[in-house]
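Student: Per the working numbering, the sequence shown starts with residue -10, numbered consecutively.
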Amino acid sequence: DETDRSYEATGTTNDNNYNWGYDPHNYFTPEGWYASDARDPYARVAELRTLIDELHKAGIGVLLDVVYNHMAGTSFLDDIVPGYFFRTNAQGKPTSNSGCGNDVATERIMARKLIVDSVVHWVKEYKVDGFRFDLMGLMDTQTVLDSYNESKKLNPDVLFVGEGWKMYNGPTGTVGMDQDYMTKTDFVAVFNDEFRDVLKAGGFNEQGRGFLTGQGPMTEKLFKNILGQPQSNYKADDPGDNLQYIVAHDGLTLFDTISHNAKLDVAIPEQKAELVKRIKMGNFVVLTSQGIAFMHGGQERGRTKPNLKNSQNETIGKFVRNSYDSADNINQFVWTLDSDFQGVLDYTASMIALRKAHDVFRIGDMAKINRAATLLPCPEDNRLTLAYTLEWNDGTWLIAMNAEKKEMTFETGLNLSSATVFADQRGGIVAGDDKLSGATISGTKLSVEPLTSIVIRVK
-10 DETDRSYEAT GTTNDNNYNW GYDPHNYFTP EGWYASDARD PYARVAELRT
40 LIDELHKAGI GVLLDVVYNH MAGTSFLDDI VPGYFFRTNA QGKPTSNSGC
90 GNDVATERIM ARKLIVDSVV HWVKEYKVDG FRFDLMGLMD TQTVLDSYNE
140 SKKLNPDVLF VGEGWKMYNG PTGTVGMDQD YMTKTDFVAV FNDEFRDVLK
190 AGGFNEQGRG FLTGQGPMTE KLFKNILGQP QSNYKADDPG DNLQYIVAHD
240 GLTLFDTISH NAKLDVAIPE QKAELVKRIK MGNFVVLTSQ GIAFMHGGQE
290 RGRTKPNLKN SQNETIGKFV RNSYDSADNI NQFVWTLDSD FQGVLDYTAS
340 MIALRKAHDV FRIGDMAKIN RAATLLPCPE DNRLTLAYTL EWNDGTWLIA
390 MNAEKKEMTF ETGLNLSSAT VFADQRGGIV AGDDKLSGAT ISGTKLSVEP
440 LTSIVIRVK
């Protein structure tokens, strides 16, 4: 029932629509729940078109989150051709490798046509700029690539990204569009969960820790992932194969994971200050990495999803980890920020501007990245630090991060006396300057204060 918003008032589900659209029934129709009048079939169409058009005018692209891999019920398609549109087991029952519903047999000709036609429809009629495929690893490669090729005819810059988890259960002779396929295509990107896990853990290990939360060191592995080269989970032959992310919609927010796993209480000023620094460092790593930088909504402002009702479902400690069925007072954005989190927002915005202004952070070719990048020695063994250089057209860029709670000194081998500062505790400095906040230079040595990240360039 697209008119049922009972959760907003009562905080109970009442079998309503709080599911983020992950139980789709019609691949061509916008959700009426967000329209001004769900009873008017034309309102949702006109209003979504207007929304996307206005976002484009503001310079914002729109990716549609799509769920083609499963359906909660089978009747919608089974009523058309019984037993055709869903994969089945030996007993003839629909499979559910997703754990979320019935697996769509994307590899079958008419199922593929349905999906390709749907993708083209959204690009043609609504002018979306790309797609984020839910559980893309359950879909066969041909269907995804056909969708890309057809939509590219309408929008040459269309972007395809998705969850490339390895869960394909299609027939022999077909292959899933998962992480293992990244060495065979440069048209589709996947979430780099290894990058995420080295930085702060996640997935099925939400209460683990990483570089941002005091666990390590995994310096070499972090360095390689920053370059867009995961070492364990899959191989990438192009930096654009990777969505470089720390958090997404269905796990703890960055605020929540650092608060919980580093045991930081925002109500205690000293601990709040540490939390803010760790969030900034996380955003710094994402925005200086090679590949596609991915930011979860609210990551730039310290968004939190508090467990307001002390629920035991989809929660970790004081926080909701998967809020698909949570009310607006949990999923909302808090637009009014205090000075600390306004500082996080300003810092992150400045780092985005820095990334956009300097292509050294967007090299786009693995061979060039390998020629440019050099990992520098850690100041001490078993420490949470990382420093590396990128030899680029306009000089040698030095990127240094100190995730320790004490000052650390890096021997860079560079003459830093005339270095230009492009990022420090103030954030990104697009034009660069000669000031340095949070670090000091002495000859070839760079001493970095606790929980601080630095970018400088030497010509």
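Cβ coordinates follow ideal geometry from the N, Cα and C atoms, glycine included.
Taking Cβ positions, are residue 464 and residue 435 nearer each other than 7 Å?
Tutor: A query on residue 464 cannot be resolved here, the shown segment of the chain reaching from -10 to 448 and no further.
Student: Provide the residue span of the beta strand (DSSP E) that contains residue 270, from first to last.
Tutor: Counting along the chain, residue 270 falls outside any beta strand (DSSP E), though it belongs to the alpha helix (DSSP H) covering 258 to 276.
Student: Take residue 163 as the anchor and find which of 213, 101, 181, 143 has the nearest alpha-carbon.
Tutor: Residue 163 has its Cα closest to that of 101, out of 213, 101, 181, 143.
Student: Considering residue 178, what are the terminal residues of the beta strand (DSSP E) in which it resides?
Tutor: Unbroken beta strand (DSSP E) run through residue 178: 178 to 180.
Student: Could you give the residue range of the alpha helix (DSSP H) that holds residue 356?
Tutor: Here the alpha helix (DSSP H) through residue 356 covers 355 to 361.
Student: Please name the residue in 130, 196, 95, 141 whose C-alpha comes closest to that of residue 168.
Tutor: That would be 130, whose Cα lies nearest to the Cα of residue 168.
Student: From residue 240 to residue 263, what does the alpha carbon distance come to, in whole angstroms?
Tutor: Near 22 Å, if we compare the C-alpha coordinates of residue 263 and residue 240.
Student: Measuring only the C-alpha atoms, how far is residue 77 from residue 63?
Tutor: The straight-line gap from Cα to Cα measures roughly 12 Å.
Student: Ignoring anything shorter than 3 residues or poking outside the stretch 113 to 151, list the beta strand (DSSP E) runs there in chain order.
Tutor: Counting whole runs of 3 or more residues, the stretch 113 to 151 contains the beta strand (DSSP E) stretches 119 to 122, 148 to 151.
Student: Closest to residue 72 by CA distance: which of 147, 94, 303, 244 is it?
Tutor: That would be 94, whose Cα lies nearest to the Cα of residue 72.
Student: Please determine if the stretch 145 to 159 and the stretch 205 to 219 are in contact, where contact requires at least 3 C-beta pairs separated by less than 8 Å.
Tutor: Too few Cβ pairs lie closer than 8 Å, so no.
Student: Quick check on residue 256 - is its C-beta less than 7 Å from some C-beta in chain C?
Tutor: Absent from the structure: chain C. Only one protein chain is present.
Student: Can you give me the C-alpha to C-alpha distance between residue 251 and residue 190, rounded to a whole angstrom?
Tutor: The straight-line gap from Cα to Cα measures roughly 12 Å.
Student: Buried or exposed: residue 331, going by 16 or more other Cβ atoms within 10 Å of its Cβ?
Tutor: Exposed.
Student: At 4 residues or longer, what runs of the alpha helix (DSSP H) sit wholly inside the stretch 154 to 217?
Tutor: Counting whole runs of 4 or more residues, the stretch 154 to 217 contains the alpha helix (DSSP H) stretches 182 to 189, 208 to 215.
Student: Kindly list the residues whose CB is nearer than 7 Å to the CB of residue 372, restricted to its own chain and excluding five residues on each side of it in sequence; keep chain order.
Tutor: Correct list, in chain order: 206, 393, 397.
Student: Figure out for me which residue from 433, 386, 390 has the closest Cα to the Cα of residue 410.
Tutor: If we check each option's Cα against that of residue 410, 386 comes out closest.
Student: Rounded to the nearest angstrom, what separates residue 171 and residue 280 at their Cα positions?
Tutor: Taking the straight line joining both Cα atoms gives about 13 Å.
Student: With burial defined as no fewer than 16 other Cβ atoms inside 10 Å of the residue's Cβ, what is the status of residue 288: buried or exposed?
Tutor: It is buried - the Cβ of residue 288 has at least 16 other Cβ atoms within 10 Å.
Student: Do you know how far the Cα of residue 404 is from the Cα of residue 320?
Tutor: Near 49 Å, if we compare the C-alpha coordinates of residue 404 and residue 320.
Student: Could you tell me the distance, in whole angstroms, from the CA atom of residue 113 to the CA atom of residue 41?
Tutor: Answer to the nearest angstrom: the Cα atoms are 12 Å apart.
Student: For the beta strand (DSSP E) containing residue 409, list its first residue and its last residue.
Tutor: Residues 409 to 413.
Student: DSSP three-state call for residue 61: helix, strand or coil?
Tutor: In the structure shown, residue 61 sits in coil (DSSP, three-state: anything other than H, G, I, E or B).
Student: Could you check whether residue 421 and residue 343 sit closer than 7 Å to each other, using their CB atoms as the reference points?
Tutor: Their beta carbons are not under 7 Å apart, which means residue 343 does not touch residue 421 by this criterion.
Student: Where residue 349 and residue 299 are concerned, what is the direct C-alpha to C-alpha distance, given to the nearest angstrom?
Tutor: Cα to Cα, the separation comes out at about 46 Å.
Student: Check whether the stretch 265 to 281 and the stretch 333 to 343 touch, using three or more Cβ-Cβ pairs below 8 Å as the test.
Tutor: Yes, the stretch 265 to 281 is in contact with the stretch 333 to 343.
Student: How about residue 325 and residue 242: do their beta carbons lie closer than 7 Å?
Tutor: No. Outside cutoff.
Student: Determine, using beta carbons only, whether residue 117 and residue 53 come nearer to each other than 7 Å.
Tutor: Going by C-beta atoms, residue 117 is nearer than 7 Å to residue 53.
Student: Following the continuous alpha helix (DSSP H) through residue 446, name the residue where it begins and the one where it ends.
Tutor: It is not in any alpha helix (DSSP H) - residue 446 instead sits in the beta strand (DSSP E) that spans 441 to 447.
Student: According to the Cβ coordinates, are residue 449 and residue 120 closer than 7 Å?
Tutor: The shown model of the chain, from -10 to 448, leaves out residue 449, and the question about it has no answer.
Student: Once you ignore the five residues that flank residue 140 on each side, which residues in its own chain have a CB closer than 7 Å to its CB?
Tutor: Contacts found: 108, 109, 112, 147.
Student: Return helix, strand or coil for residue 399, following the three-state DSSP convention.
Tutor: Three-state DSSP puts residue 399 in a strand.
Student: Could you tell me if residue 448 is buried or exposed, where buried requires 16 or more neighbouring beta carbons within 10 angstroms of its beta carbon?
Tutor: Residue 448 comes out exposed.
Student: How long is the line joining the alpha carbons of residue 382 and residue 347, rounded to whole angstroms?
Tutor: Taking the straight line from one Cα to the other gives about 11 Å.
Student: What does the Cβ neighbour count give for residue 352, buried or exposed, with the cut at 16 atoms within 10 Å?
Tutor: With 16 or more other Cβ atoms within 10 Å, it is buried.
Student: Here's a check: name, in chain order, each residue in its chain whose Cβ is nearer than 8 Å to the Cβ of residue 196, leaving out the five neighbours to either side.
Tutor: Hits under 8 Å: 190, 249, 250, 305.
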